[in-house]
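Enquirer: Residues in the sequence shown are numbered from 57 upward in steps of one, following the numbering used here.
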Amino acid sequence: MVATRRALEQGDIPQASGSTARTKPWTRFRSRFLKQKAGVVAAAFLLLVVIVAAIGPLVAPLDPNEQNLGAILKYPSAEHLLGTDDLGRDVFSRLLFGTRVSLLAAVQATAIGVALGLPLGLIAGYLGGRTDRVIMFVNDAVMSMPGLLLAIAIVGMLGPGLTNAMVAIGIIFAPHILRIVRGSVLEVKEETYIEASRSIGTPLSRIIFQHVLPNVRSPLIVGVSLMAGRAMLNEASLSFLGMGAQYPEASWGAMLGRAFPYVDRAPFLIVFPGITIAVVVLAFNVAGDALRDSLGRETRTNS
Numbered sequence: 057m058v059a060t061r062r063a064l065e066q067g068d069i070p071q072a073s074g075s076t077a078r079t080k081p082w083t084r085f086r087s088r089f090l091k092q093k094a095g096v097v098a099a100a101f102l103l104l105v106v107i108v109a110a111i112g113p114l115v116a117p118l119d120p121n122e123q124n125l126g127a128i129l130k131y132p133s134a135e136h137l138l139g140t141d142d143l144g145r146d147v148f149s150r151l152l153f154g155t156r157v158s159l160l161a162a163v164q165a166t167a168i169g170v171a172l173g174l175p176l177g178l179i180a181g182y183l184g185g186r187t188d189r190v191i192m193f194v195n196d197a198v199m200s201m202p203g204l205l206l207a208i209a210i211v212g213m214l215g216p217g218l219t220n221a222m223v224a225i226g227i228i229f230a231p232h233i234l235r236i237v238r239g240s241v242l243e244v245k246e247e248t249y250i251e252a253s254r255s256i257g258t259p260l261s262r263i264i265f266q267h268v269l270p271n272v273r274s275p276l277i278v279g280v281s282l283m284a285g286r287a288m289l290n291e292a293s294l295s296f297l298g299m300g301a302q303y304p305e306a307s308w309g310a311m312l313g314r315a316f317p318y319v320d321r322a323p324f325l326i327v328f329p330g331i332t333i334a335v336v337v338l339a340f341n342v343a344g345d346a347l348r349d350s351l352g353r354e355t356r357t358n359s
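#1: By a C-beta neighbour count over all protein chains shown, 10 Å radius and 16 as the cutoff for buried, is residue 126 buried or exposed?
#2: Under 8 Å Cβ to Cβ from residue 264, same chain only, skipping five residues before and after it: list those, please.
#3: Is it a yes or a no for the stretch 208-224 touching the stretch 145-155, going by three-plus beta-carbon pairs under 8 Å?
#4: Any idea what DSSP makes of residue 141, helix, strand or coil?
#5: Is DSSP giving residue 320 helix, strand or coil here?
#6: What are the start and end residues of each continuous alpha helix (DSSP H) run of 4 or more residues lying completely inside the stretch 117-183, in chain order?
#7: From which residue to which residue does the alpha helix (DSSP H) around residue 101 run?
#8: If I follow the unbroken alpha helix (DSSP H) through residue 301, where does it start and stop?
#9: Distance, Cα to Cα, residue 318 vs residue 261?
#10: Just the Cα atoms here: how many angstroms apart are residue 70 and residue 186?
#11: The alpha helix (DSSP H) with residue 199 in it runs from where to where?
#12: Give the secondary structure of residue 202 by DSSP, where H, G and I count as helix, E and B as strand, and everything else as coil.
#13: Assuming residue 120 and residue 324 form a contact by the criterion Cβ under 8 Å, report the distance between their Cβ atoms to the nearest whole angstrom.
#14: Would you mind working out which of 298, 271 and 224 sits nearest residue 242, comparing C-alpha positions?
#15: Sort 268, 141, 279 and 117 by Cα distance to residue 135 and report the nearest one.
#16: In chain order, what residues of the same chain have a beta carbon less than 7 Å from the beta carbon of residue 351, not counting five sequence neighbours either side?
#17: So what's residue 258 in DSSP terms, helix, strand or just coil?
#18: Closer than 7 Å by C-beta to residue 330: which residues in its own chain qualify, once you throw out the five before and the five after it? Chain order, please.
#19: Applying the 10 Å Cβ sphere with the 16-neighbour rule, what's the burial state of residue 228?
#20: Let me confirm a value: residue 197 is counted as buried when at least 16 other C-beta atoms fall within 10 Å, else exposed. Which label applies?
#21: Locate the alpha helix (DSSP H) running through residue 281, then write down its first and last residues.
#22: What number of angstroms, rounded off, separates the C-alpha of residue 300 from the C-alpha of residue 220?
#23: Just to confirm the assignment: which complete alpha helix (DSSP H) runs, minimum length 4, are found wholly within the stretch 199-241?
#24: Please classify residue 245: does DSSP put it in a helix, a strand, or coil?
#25: Count the other CB atoms within 10 Å of the CB of residue 176; is the residue buried (16 or more) or exposed (fewer)?
#26: Assign residue 291 to buried or exposed, taking buried as 16 or more other Cβ atoms, counted over all protein chains shown, within 10 Å of its Cβ.
#27: Using a threshold of 7 Å, state whether the C-beta atoms of residue 144 and residue 128 are closer than that.
#28: Can you list, in chain order, the residues of its chain with a C-beta nearer than 7 Å to that of residue 328? Leave out the 5 residues immediately preceding and following it.
#29: Since residue 142 contacts residue 314 with CB under 8 Å, what's their CB separation in whole angstroms?
#30: Just the C-alpha distance for residue 95 and residue 107, rounded to the nearest angstrom, thanks.
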């Protein structure tokens, strides 16, 4: 009995098969993921986007904020690969710089959503009762509001700017993260090993972090991967409306907003950032679907 209690407290019983139990899920995940060609291509493309975000400013041919009033709205050429905007700035250079801004914005929004939704989901799912009802009442109230309108209202209170816009989007994402985490916790907390841990007086924090949280990890990863694409799309929407990235900062959404008045004279100004946003968001969604199919059967790592 003493040995069993010590094993439960140290988290050894859920991983009774030792290193094999720790490696087999990763092996199965890798095998399943590699079989999904679309997901592999999407993941490779997203890795390329990250690389571009890291080295883009180093390889950009021109300063993205350098104005050339003698070369306004020039079509793509050898000198300007994607043309120039209404101030004569090189679109290709701004697109490269905008990769870092848009990607960091998506990471910020998703991180804020997880930071708010994860602990509340754990508390609501594990404690249940009145605590769960109160949290879910507030959560449902937030989810009932149109997301973009609520984000605009929050940005209106905080002031325009990319960071404030990402805070607003993160607040919009938090209820969705909360629901994902709560649903997983409700399923896991009735497992036998959780009951055994409670019966021997294992501290609540240890139960949550050693037994509950690992089972939330897989659906949370899938949810985050899908929301990253939505975050980038929402950032583009807010920047298009002038509430996100501010002049002269380059982001894909801000480039779209700046190009809209010139759509009849220089349609390429909308085409290039628009296609970039669409392809990256599609890659996030495809990669998220592949993760869901690969991780879906690995959610109970401790049973």
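Just so you know, even glycine gets a beta-carbon here, dropped at the ideal spot from N, CA and C.
Expert: By the coordinates alone:
#1: exposed
#2: 178 and 182
#3: With a cut-off of 8 Å, the stretch 145-155 and the stretch 208-224 do not count as touching, because too few Cβ pairs lie within range.
#4: coil
#5: Looking at residue 320 - three-state DSSP - the assignment turns out to be coil, as it is neither helix nor strand.
#6: 147-183
#7: 93-115
#8: Premise fails: residue 301 is in no alpha helix (DSSP H) and is neither H nor E.
#9: 57 Å
#10: Below a pLDDT of 50, predicted positions are generally treated as unreliable, and residue 70, at 46, falls in that range; the measurement from the model is reported next regardless. Here the alpha carbon of residue 70 sits roughly 30 Å from the alpha carbon of residue 186.
#11: 185-199
#12: In the structure shown, residue 202 adopts coil according to DSSP, grouped into three states.
#13: Wrong, their Cβ atoms sit about 17 Å apart, outside the cutoff.
#14: 271
#15: 117
#16: 85, 274, 277 and 278
#17: coil
#18: 312
#19: buried
#20: exposed
#21: Going by DSSP, residue 281 is part of the alpha helix (DSSP H) stretching over 269-296.
#22: 8 Å
#23: 203-214
#24: coil
#25: buried
#26: buried
#27: yes
#28: 138, 147 and 151
#29: 7 Å
#30: Approximately 18 Å between the Cα atoms of the pair.
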